Amino acid sequence: MATFGAFLLVYVIGGLTFVPLCLAAAVYLAVLACPVRAADHHDPPSSEDLADASPADLLQDFKARQAEPDVAAAYFAVCREYVPGGVNGKPPERTTPAGAVVGVESPSVYQSMYRTIFDRNRAQSPSMEGAKNGKAQKKARNVFFVVLRHGHLILFDDSEQVEVRYVISLAHRIVDLYAGGDAIPEGELWIKRNCIRLRRTHHATDSEAESRPFYLFSDNCSEKEDFYFALLRNQERQTGMPISPPLQFEQPHVVKLVQQLHASEENLQTRWINALAGRLFLALYKTPNVEEFIRLKITKKISRVAKPAFIQTINIQRIVMGDSAPMITNPKLRELTLDGELTVEADIKYNGNFRLEIAAVARIDLGSRFKARYVNMVLAGILKKLEGHILIRMKPPPSNRFWVTFEYPPKMEMTIEPIVSSRQITYGMILRAIENRIREVITETLVLPNWDDMPFFDTIAQPLRGGIWEDATKAPTPPDAAHDSAMDDASIDDGSTLNEEPGVSQFLRKEEKTMSMPNLGDSDVAELTLLTCH
Numbered sequence: 001m002a003t004f005g006a007f008l009l010v011y012v013i014g015g016l017t018f019v020p021l022c023l024a025a026a027v028y029l030a031v032l033a034c035p036v037r038a039a040d041h042h043d044p045p046s047s048e049d050l051a052d053a054s055p056a057d058l059l060q061d062f063k064a065r066q067a068e069p070d071v072a073a074a075y076f077a078v079c080r081e082y083v084p085g086g087v088n089g090k091p092p093e094r095t096t097p098a099g100a101v102v103g104v105e106s107p108s109v110y111q112s113m114y115r116t117i118f119d120r121n122r123a124q125s126p127s128m129e130g131a132k133n134g135k136a137q138k139k140a141r142n143v144f145f146v147v148l149r150h151g152h153l154i155l156f157d158d159s160e161q162v163e164v165r166y167v168i169s170l171a172h173r174i175v176d177l178y179a180g181g182d183a184i185p186e187g188e189l190w191i192k193r194n195c196i197r198l199r200r201t202h203h204a205t206d207s208e209a210e211s212r213p214f215y216l217f218s219d220n221c222s223e224k225e226d227f228y229f230a231l232l233r234n235q236e237r238q239t240g241m242p243i244s245p246p247l248q249f250e251q252p253h254v255v256k257l258v259q260q261l262h263a264s265e266e267n268l269q270t271r272w273i274n275a276l277a278g279r280l281f282l283a284l285y286k287t288p289n290v291e292e293f294i295r296l297k298i299t300k301k302i303s304r305v306a307k308p309a310f311i312q313t314i315n316i317q318r319i320v321m322g323d324s325a326p327m328i329t330n331p332k333l334r335e336l337t338l339d340g341e342l343t344v345e346a347d348i349k350y351n352g353n354f355r356l357e358i359a360a361v362a363r364i365d366l367g368s369r370f371k372a373r374y375v376n377m378v379l380a381g382i383l384k385k386l387e388g389h390i391l392i393r394m395k396p397p398p399s400n401r402f403w404v405t406f407e408y409p410p411k412m413e414m415t416i417e418p419i420v421s422s423r424q425i426t427y428g429m430i431l432r433a434i435e436n437r438i439r440e441v442i443t444e445t446l447v448l449p450n451w452d453d454m455p456f457f458d459t460i461a462q463p464l465r466g467g468i469w470e471d472a473t474k475a476p477t478p479p480d481a482a483h484d485s486a487m488d489d490a491s492i493d494d495g496s497t498l499n500e501e502p503g504v505s506q507f508l509r510k511e512e513k514t515m516s517m518p519n520l521g522d523s524d525v526a527e528l529t530l531l532t533c534h
């Protein structure tokens, strides 16, 4: 039978461990019952993952990124009048609302209407995020953190998005870039003094049409571009206005580029240049500008080289740029001398399936016993692969161009296929003759000792062509200076301004002219003496 001391010991130990054991059991049950949530942010895939990933997995990841919600947010200076100085310009101060309708303050996230941005009647916010030198930077009264959400622009004081100041509805509004009515060069679209303008459409009512536009200025040029594109996408969804969609590249093409870049670790140092060239290719390979540039280059080459004897005429019908750009590997500096002679070398690989469709007229002569026949045909030349060692040379002055060649004949895999033709053109003899002629032309123009040139300085307006000369670097004389010089020469020739001595040149330079007193006659001197005496 247990003693009193044993009961007392059990009572004390049980009282001390009861609460901790209950808490531990509750935590254990909570861990088992709560669902496991995947992390929102994951580490970017490594080179090995990208190289081993299948095209289907990469395409699925690409589509998932496209499905992300389209919400944009950035700091903007919102004005109702265009400020010539941009963000740094001083907006006009107003004491009365500028809008035609004044909204009523509402605790809701979406306010019914909006007030003018200059009549806030509130204290200045302390600072904006990202202050320089760790100091608080005061922001202007018209600077807001603008959020694009559900077809409205919501204006907050800062990125905390605690209190809504104004809400701008994007219904019946047109989005464009504005620079005070002046034409904007392509390189100055996103500078600080240009803004995003929101103006009413022609379908708005009379009272809405009287409302002045909104002008959005930003110090961050990159964020301005992103916000502008987001506004265009929102405008297309909300209003249904016909907006030209972006020129997208094919998804398998970008997957191919990613896999080529991460296929091997040997060319890690050239991965950035190949990625840049490949991304630029994907941006331009469907544009008519690139197609026209390639068309002119090929047309000039065809006109300068000898065609096969049985080909009468050749016309380019269609150009397909393929699905990838050439890849550069193993770049090396071969030579750089003191006089400016530069030679670099690299290996180049291409497997982009460049396609060229041509229409040609062939003359088939089977001898004196048969009459010659003319056959109209449409052929497609496909360059599947190309590998070679390329040299790029820049000669000493005054040369104004790069010279490019292959050190040895490149390895090419190409096919010539008939598209539309008569039955005779399907014979392999004629197709092989055309393919062999193409290989011969490449060897005659792009393999040592032959070089092809690419100029980087235009000399079409210079008296001496093909180089960079000292006369070409001199700044042209401004029209006003030339006019002043001509007037001065004319006054010297008339002899009414300067009394020249023998042997002194009448054509003085502008810096040699003197501000002398006019040559007065005796009568004029006498009149001046009388006036001064009186």
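Going by the UniProt record's numbering, the first residue of the sequence shown is number 1, and it counts up by one from there. Here a beta-carbon is modelled for each residue, glycine too, at the ideal position from N, C-alpha and C. Fair warning: this is a prediction, and the values are worked out from it, not measured in the lab.
| query | result |
| --- | --- |
| DSSP-derived helix/strand/coil call for residue 500 | In this predicted model, residue 500 has a pLDDT of only 44, less than 50, meaning its place in the structure is not dependable; the value taken from the coordinates is given anyway. It is coil, neither helix nor strand. |
| Beta-bridge pairing of residue 354 - partner residues as DSSP gives them | 383 |
| Closest by C-alpha distance to residue 458, when choosing among 402, 417, 309, 428 | 402 |
| Spatially closest choice to residue 298 from 381, 463, 415, 449, by CA coordinates | 381 |
| Residue 117 burial status per 10 Å Cβ neighbour count (16 or more: buried) | Low confidence applies here, because residue 117 scores a pLDDT of 42, under 50, leaving its location unreliable and the question unanswered by this model. |
| For residue 79: DSSP bridge partner residues | 215 |
| For residue 340, three-class secondary structure by DSSP | coil |
| Nearest-angstrom Cβ-Cβ length linking residue 71 and residue 149, presumed shorter than 8 Å | 6 Å |
| Residues that DSSP places opposite residue 360 in a beta bridge | 314, 377 |
| Residue 79 classed as buried or exposed, judged by whether at least 16 other C-beta atoms fall within 10 angstroms | buried |
| First through last residue of the beta strand (DSSP E) which encompasses residue 406 | 401–406 |
| Coil, strand or helix - residue 68 by DSSP | Residue confidence for residue 68 is low, a pLDDT of 48 falling below 50, so the modelled location carries little weight and cannot support an answer. |
| Burial state of residue 260 (16 or more Cβ within 10 Å) | buried |
| Which of helix, strand or coil DSSP assigns to residue 11 | helix |
| Cβ contact (3+ pairs, closer than 8 Å) linking the stretch 333–344 and the stretch 285–297 | no |
| 4-residue-minimum alpha helix (DSSP H) runs that sit fully inside the stretch 256–298, ordered along the chain | 271–284 |
| Proximity to residue 159 [Cα-Cα], best of 388, 146, 405 | 146 |
| Separation of residue 455 from residue 512, as counted between CA atoms | For residue 512, the pLDDT reaches just 46, beneath the cut-off of 50, and the residue's location in the model is therefore unreliable, although a value from the coordinates is still provided. Using only the alpha carbons, I get a separation of about 42 Å. |
| Closest by C-alpha distance to residue 180, when choosing among 443, 217, 202 | 217 |
| Neighbourhood of residue 274 by C-beta distance below 7 Å, restricted to the same chain and skipping five residues each side | 261, 327, 328 |
| Cβ-Cβ distance between residue 419 and residue 378 below 9 Å | yes |
| Residue 266 to residue 175 span [Cα, whole Å] | 48 Å |
| CB contact flag (residue 170, residue 198, <9 Å) | yes |
| Three-state secondary structure assigned by DSSP to residue 141 | coil |
| Residues that DSSP places opposite residue 176 in a beta bridge | 197 |
| Cβ pair count under 8 Å reaching 3, the stretch 385–400 against the stretch 342–361 | yes |
| CA-to-CA distance, residue 320 to residue 356, given in whole angstroms | 6 Å |
| Cβ shell of residue 308 (< 7 Å), same chain only, five flanking positions each side left out | 433, 434, 437 |
| Given residue 316 as reference, the closest of 322, 323, 292, 310 once Cα atoms are compared | 292 |
| Cβ-based burial, residue 519 [other Cβ within 10 Å; buried from 16] | With a pLDDT of only 48 at residue 519, under the threshold of 50, the placement of this residue in the model should not be trusted; the figure read from the coordinates follows. Its Cβ having fewer than 16 others within 10 Å, residue 519 is exposed. |
| Residue 394 beta carbon less than 9 Å from that of residue 443 | no |
| For residue 244, three-class secondary structure by DSSP | coil |
| Short Cβ contact (9 Å threshold) for residue 365 with residue 372 | yes |
| Limits of the beta strand (DSSP E) - the one that residue 164 falls within | 164–169 |
| Local conformation of residue 369 per DSSP, three classes | coil |
| Bridge-paired residues (DSSP) for residue 153 | 148, 168 |
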